[in-house]
Amino acid sequence: MGFLSLFSKQSPGVQVLPSGTVTVDRNNKILATTVSSACSEDVLQEIGDHVLTLFRQARKAQLPLSELTLHFSSLKITAKEMRGGAIIFLAPKHTFNAAS
Amino acid sequence: MESRHKVLIVDDDPAVLELYRDLLAQLPSKPEIFTTTSGSRALSMLKSEPFRLLLCDLKMPKMDGLQVLSIVRRSFPELRTVVMTAVHNEEFRSRAYALGVDLFWLKPDTQQNMEMFLQCVESLLGRDEESGFRGVQSKSLMDLIQMECLSQSSTVLRITRGSVNGRIWISSGELIDAETEGLRGEPAFRRILEWKSGTFENLPAENGRERTINKPANALLLEAAQAMDEIAAPETQSSEEAEVADHRKTVWRLASLTRAGADFVVSLPQEPQSKAEGWGTEATQELGVWMQQALEASNKLAHNLQAGSLTSLEGRSLDLRIVLLPEDDKTYLVGWPADGPSTQLAEKSKQLVSSWDS
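For the protein sequence lines, the chains are A and B, in the order given.
For the first sequence, counting from 1, position 47 maps to 47 in the working numbering; every step adds exactly one.
For the second sequence, counting from 1, position 54 maps to 1054 in the working numbering; every step adds exactly one.
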């Protein structure tokens, strides 16, 4: 079947925003995720790292947050603190849910 | 040598005049006392030299006290006026106050009343000429409007300065309209705020008044205060004046917080090394540091995920909700009580900070 690969072309890819849920523990170890495997684990760990750091820094600023929501132009990240770890919801925004 | 204030007493009874002359001469400010038995003579005396205070009887032949006062209010708006009368009549009292008198006093009949009367007169003599709108209380017009807005009241403020008057409509603590000298809306409001002194009355609210002012009262007051400060001291603002202006801004911001129902606001300028400023919180610097960290983390995420810029960040703890808003030149963090309504918190925060630095 190698013959068919002659006709396949490498097309430039568009980075797809992660969508789904990630649960990380206090050490940013991914415990569970529903995000597509097309999204690399490094990306999820980076998100987890930033989220856990924000919770920790908020505590230092006398702001013990239990929930955080970051609204980007095309992505909404909601994180709920769970015993030092967090459950993170990733929801890309598109025309139909941009207001959410 | 400090000049003594001049006081004019008008009463058709010479014996009363003599009595009050002796009494007022004992005041600590030692005013110069002048007396006359007729309203018309009083008016000509007022024209000939500056008086600080007019004490006027109500019942007098030819020209009664209310007639004298109505002319005095138009011609000498700076003059303090006191009605002294033996007539216990509510209608006269309200008419006198409607004319803008400072004090309506039944002629004292006891020693205690007499002492109170003298204290009131002394207090009227002591007030600065340039400041204070006179009414039931002596407050600046800005304070007055702010108080009405803060107390969420609905009223029409009628402000009188000499022969000119203006009206300001306040509905449920919101400034909705103003009118004076053929102007309406914001221009009228600004014109009224330019008046240095006058009298005010609270009239009943008018339901259904068309709204012409949409800007928050605090923003308009702040603008007016800044304009006045600039006029008063175009370039050489002393440190004391700067401190007063600063204090005023702080008061307005805290009033804005209270009105909006927010707990605190922290603002962080974009420039590196700049310090955060906070209102309603004691943890300003700590929160400023967290704001900086949150911005950096968000920017990295936005860049790596290609998720676009951060429009807002919301957070909640047991007793607090927060909204972080990155604006053009500053980032704001607004704290709200957790038990309040959580809908449209970002919108409400944007509204609150929209006039923060105006």
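The C-beta atom is built at its ideal place from N, Cα and C for all residues, glycine as well.
Values in this document were obtained by computation on a predicted structure and should not be read as measured data.
Length of the line joining the Cα atoms of residue i and residue j
i                      : j                      : result
residue 40 (chain A)   : residue 1279 (chain B) : 43 Å
residue 1255 (chain B) : residue 1248 (chain B) : 10 Å
residue 29 (chain A)   : residue 1288 (chain B) : 29 Å
residue 1321 (chain B) : residue 1356 (chain B) : 20 Å
residue 31 (chain A)   : residue 1210 (chain B) : 60 Å
residue 1268 (chain B) : residue 1153 (chain B) : 34 Å
residue 1277 (chain B) : residue 1266 (chain B) : 6 Å
residue 1334 (chain B) : residue 1184 (chain B) : 34 Å
residue 1244 (chain B) : residue 1225 (chain B) : 11 Å
residue 1416 (chain B) : residue 1324 (chain B) : Any property of residue 1416 (chain B) remains undetermined from this structure, which presents chain B solely from 1001 to 1358.
residue 1261 (chain B) : residue 84 (chain A)   : 31 Å
residue 1067 (chain B) : residue 1061 (chain B) : 11 Å
residue 1078 (chain B) : residue 1051 (chain B) : 9 Å
residue 57 (chain A)   : residue 36 (chain A)   : 30 Å
Contact under 8 Å by Cβ, residue i with residue j
i                      : j                      : result
residue 1242 (chain B) : residue 1175 (chain B) : no
residue 1156 (chain B) : residue 1203 (chain B) : yes
residue 75 (chain A)   : residue 92 (chain A)   : yes
residue 1118 (chain B) : residue 1023 (chain B) : yes
residue 1316 (chain B) : residue 67 (chain A)   : yes
residue 44 (chain A)   : residue 33 (chain A)   : yes
residue 1072 (chain B) : residue 1083 (chain B) : no
residue 1103 (chain B) : residue 1120 (chain B) : yes
residue 977 (chain B)  : residue 1004 (chain B) : In the structure as shown, chain B starts at 1001 and stops at 1358, and residue 977 (chain B) therefore has no counterpart that could be examined.
residue 54 (chain A)   : residue 1346 (chain B) : no
Sequence-distant residues of its chain with Cβ nearer than 6 Å to residue i (five each side left out)
i                      : result
residue 1319 (chain B) : 1338
residue 1169 (chain B) : 1156, 1176, 1177, 1209
residue 1253 (chain B) : 1279
residue 1041 (chain B) : none
residue 1027 (chain B) : 1122
residue 21 (chain A)   : 34, 89
Under 9 Å from the C-beta of residue i: neighbouring residues of chain B
i                    : result
residue 66 (chain A) : 1315, 1316, 1317, 1318
Cutoff 8 Å; reference residue i; Cβ partners in own chain excluding five residues on either side
i                      : result
residue 82 (chain A)   : 23
residue 49 (chain A)   : 28
residue 1165 (chain B) : 1158, 1159, 1180
residue 1029 (chain B) : 1004, 1005, 1122, 1125, 1126
residue 47 (chain A)   : 18, 22, 77, 88, 90
Per-residue contacts from residue i into chain B (C-beta, under 8 Å)
i                    : result
residue 43 (chain A) : 1304, 1305
Chain-ordered chain B contacts of residue i [CB-CB under 7 Å]
i                    : result
residue 17 (chain A) : 1305, 1307
Same chain only: Cβ atoms within 7 Å of residue i, ignoring 5 sequence neighbours per side
i                      : result
residue 1351 (chain B) : none
Output needed in chain order: residues of the stretch 1274-1305 of chain B with a Cβ under 8 Å from some Cβ in chain A. 1283, 1286, 1287, 1289, 1290, 1293, 1294, 1297, 1298, 1300, 1301, 1302, 1304, 1305
Scan the stretch 1311-1329 of chain B for residues whose Cβ lies nearer than 8 Å to a Cβ of chain A and list them as they occur along the chain. 1311, 1312, 1313, 1314, 1315, 1316, 1317, 1318, 1320, 1322
To be precise: take each residue of the stretch 48-64 of chain A, compare its Cβ to all Cβ atoms of chain B, and keep it if any distance is under 8 Å. Which residues remain? So the list reads 50, 53, 54, 57, 58, 60, 61, 62, 63, 64, given in the order they occur along the chain.
Residues in the stretch 69-81 of chain A with C-beta within 8 Å of chain B's C-beta atoms, listed in sequence order? 69, 70, 71, 72, 73, 74, 75, 77
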